[in-house]
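Below: the structure, in structure tokens.
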Amino acid sequence: MSESSAEAVVAVASAGAWRRATGLAGAAIGVVAAGAAAGVAIERLTVGRGMRQKARLALDSAGPYGALRGMPGKAVSDDGTELYYEVDDVEPEGGSAPRRRRLFGRKAPAPVTVVFSHGYCLSQDSWHFQRAALRGVVRTVHWDQRSHGRSARGAAQVRDGVPVDIEQLGRDLKAVIDAAVPEGPMVLVGHSMGGMTVMALADQFPELIRERVVAVALVGTSSGRLGEVNFGLPVAGVNAVRRVLPGVLKALGQRAELVEKGRRATADLFAGIIKRYSFASRDVDPAVARFAERMIEGTPIDVVAEYYPAFADHDKTAALVHFADLPVLVLAGVKDLVTPSEHSEAIADLLPDAELVLVPDAGHLVMLEHPEVVTDRLADLLTRAGAVPAGATVGGYGSSTAQPG
């Protein structure tokens, strides 16, 4: 489909025929949606639309996920974009941090800080379980990537129409570190696009990695060759998606207000797609699934379109050398359809001393689907890096498994 054809799809929508527009856009990416749509069709036979809407509202009001908050702050990237972050500090025994760090007239070493970077169409809240578990154990920083969560829209994108790229995200992370972690050792943790952000940081600021980073965790991510991912589709289907999706996303992004109305009208279909590409387990807690759905729904369609081309150009394989002498955790879900576990295995092959963990029955959002595995391995990494003392108790991380009755 050409760009003009894709825009024609949206033109139908602007005339008010949203059902027909959804059908045409769906035809462009229909192979991706087919399995999810079938599941939604079956659900419609047994559960009314009004009941499903009430269930979503109940889950939204009762679910604790994403409710954790820390000390807020703002960093400013090199193009003027304001980046929102939060700090969870550890309260030292026997007084405040400034007083204890000046004990006996000497400045104590800065504590290790763990910096979490989230993935595409998510927010800092995607680390909910790990954040809850590490509170009071180690200092952590959680931030929202540009145009995601509570961060501002990318200034260069809005002002100058500059395409976003992974290199820019690396510079954004540097700005957050400068503001929130101006001194002391760090552990860098990144999921999916967040892992690519960590690689871009290393590529552009190798001295920072060498001087201050004591460990790295790369979760469900890739160092490159994302253009070869088949998303669990047959060859003909994935080729069709690759051919038409960029044009469709660009056209939809140019009609963001209308498209957002369409997304709300077809929430059931997109919920099925989100679940298929986020989780592999059948018994994921509906509240966790809805939590992921809310984060992804909260990413405007023009931001989705703005970021998509950056992944095809991403190649940070050479940057991995900067992690070679560090403790590294590489973790992925075996059934990840977005960044397949083979990409994590390729990273581990280039970092032979890294710990490779492949989680069975796990999809792309492994840190939400199997938080106990991710948190345990992360806690072990922090112990090996000296970020937490051996024998420290990591807090409870809740459950992502649907509870009976």
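Here the sequence shown is numbered in our numbering, starting from 30 and rising by one per residue. C-beta: ideal position from N, C-alpha, C; glycine also.
Candidates the options, of which the one nearest residue i by Cα
{"i": "Asp194", "options": "Ala334, Pro369 and Val363", "result": "Ala334"}
{"i": "Gln174", "options": "Ser146, Ser252 and Glu236", "result": "Ser146"}
{"i": "Asp331", "options": "Asp314, Met228 and Gly190", "result": "Gly190"}
{"i": "Ala414", "options": "Asp154, Val166, Pro214 and Pro315", "result": "Pro214"}
{"i": "Pro101", "options": "Tyr114, Pro93 and Tyr94", "result": "Tyr114"}
{"i": "Glu212", "options": "Val143, Leu230 and Gly261", "result": "Val143"}
{"i": "Glu371", "options": "Asp312, Gly249, Ser176 and His177", "result": "Gly249"}
{"i": "Pro93", "options": "Ala139, Tyr149 and Ala161", "result": "Ala161"}
{"i": "Pro138", "options": "Ala416, Ala181, Leu202 and Arg311", "result": "Ala416"}
{"i": "Asp409", "options": "Gly109, Ser176, His157 and Val245", "result": "Val245"}
Secondary structure of residue i, DSSP reduced to three states
{"i": "Phe260", "result": "coil"}
{"i": "Glu384", "result": "strand"}
{"i": "Thr368", "result": "coil"}
{"i": "Arg200", "result": "helix"}
{"i": "Phe352", "result": "helix"}
{"i": "Leu394", "result": "coil"}
{"i": "Gly249", "result": "coil"}
{"i": "Val402", "result": "helix"}
{"i": "Leu97", "result": "coil"}
{"i": "Ala50", "result": "Low confidence applies here, because Ala50 scores a pLDDT of 40, under 50, leaving its location unreliable and the question unanswered by this model."}
{"i": "Asn327", "result": "It is worth fixing the name first, because residue 327 is Gly in this sequence and not Asn. In the structure shown, Gly327 sits in coil (DSSP, three-state: anything other than H, G, I, E or B)."}
{"i": "Asp344", "result": "strand"}
{"i": "Thr412", "result": "helix"}
{"i": "Val333", "result": "helix"}
Which residues DSSP lists as bridging residue i, in chain order
{"i": "Gly102", "result": "Tyr114"}
{"i": "Ala321", "result": "Partner(s): none; Ala321 has no beta bridge."}
{"i": "Leu360", "result": "Val248 and Val386"}
Contact check, residue i vs residue j, beta carbons under 9 Å
{"i": "Leu163", "j": "Thr404", "result": "yes"}
{"i": "Asp207", "j": "Lys345", "result": "no"}
{"i": "Leu97", "j": "Lys103", "result": "no"}
{"i": "Leu387", "j": "Leu407", "result": "no"}
{"i": "Val218", "j": "Gln159", "result": "yes"}
{"i": "Phe299", "j": "Glu326", "result": "yes"}
{"i": "Asp365", "j": "Ala391", "result": "yes"}
{"i": "Ala184", "j": "Ser106", "result": "yes"}
Write down every uninterrupted run of the beta strand (DSSP E) in the stretch 144-230 whose length is 3 residues or greater and which is fully enclosed by it, in chain order.
168-172 and 215-220
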